[in-house]
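> First, the structure itself, so that you have it in front of you.
Residue numbers (full-length UniProt numbering): 1 to 93.
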């Protein structure tokens with residue numbers, strides 16, 4: 001199963017070029033592994049300064065293309081076996 005994701009294709013040369021590095025792509029939807037919550041559905045997303053840092057390539061160890069999405073309101077769509085205290089439909093932020 002596939003999902004849509006906003007990704008940074010490569011680091012931008014300068015802040016004004018960040019938009020030119022963004023791509024809306026289809027990627028495989030992760031599957032929840034035992035003991036993990038792997039897939040959450042976005043209800044609302046926001047941008048954060050760290051997104052600009054990632055887009056400029058100023059965060060060591062990041063591999064490109066890089067999928068954005070560290071800030072948002074989400075709900076669980078899938079939880080792995082042996083996960084307790086969380087269930088499908090729970091809201092998270």
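Note that CB positions come from ideal geometry on N, CA and C, so glycine has one too.
By how many angstroms is the C-alpha of residue 11 removed from the C-alpha of residue 60?
Within the chain shown, numbered from 1, the residue matching residue 60 stands at position 60. Within the chain shown, numbered from 1, the residue matching residue 11 stands at position 11. C-alpha separation (whole angstroms): 12 Å.
> Label residue 67 either buried or exposed according to how many other C-beta atoms from any shown protein chain fall within 10 Å of its C-beta, with 16 as the threshold for buried.
Counting from one through the chain shown, the residue named residue 67 turns up at place 67. Exposed, by the Cβ-count rule.
> With distances taken from CA atoms, which of 75, 64, 56 is nearest residue 17?
As a working note, residue 17 is residue 17 in the chain shown. Closest option to residue 17, Cα to Cα, is 56.
> Would you say residue 74 and residue 23 are within 9 Å of each other, going by their C-beta atoms?
For this step, residue 74 is matched to residue 74 along the chain shown. For this step, residue 23 is matched to residue 23 along the chain shown. Cβ atoms of residue 74 and residue 23: not closer than 9 Å.
> So, at 8 Å on beta carbons, what are the nonlocal neighbours of residue 54 in its own chain, with the 5 sequence-adjacent residues on each side left out?
Stepping through the chain shown from its first residue, residue 54 is reached at position 54. For residue 54, where only same-chain residues beyond five positions count, the Cβ hits under 8 Å are 8, 62, 66, 68.
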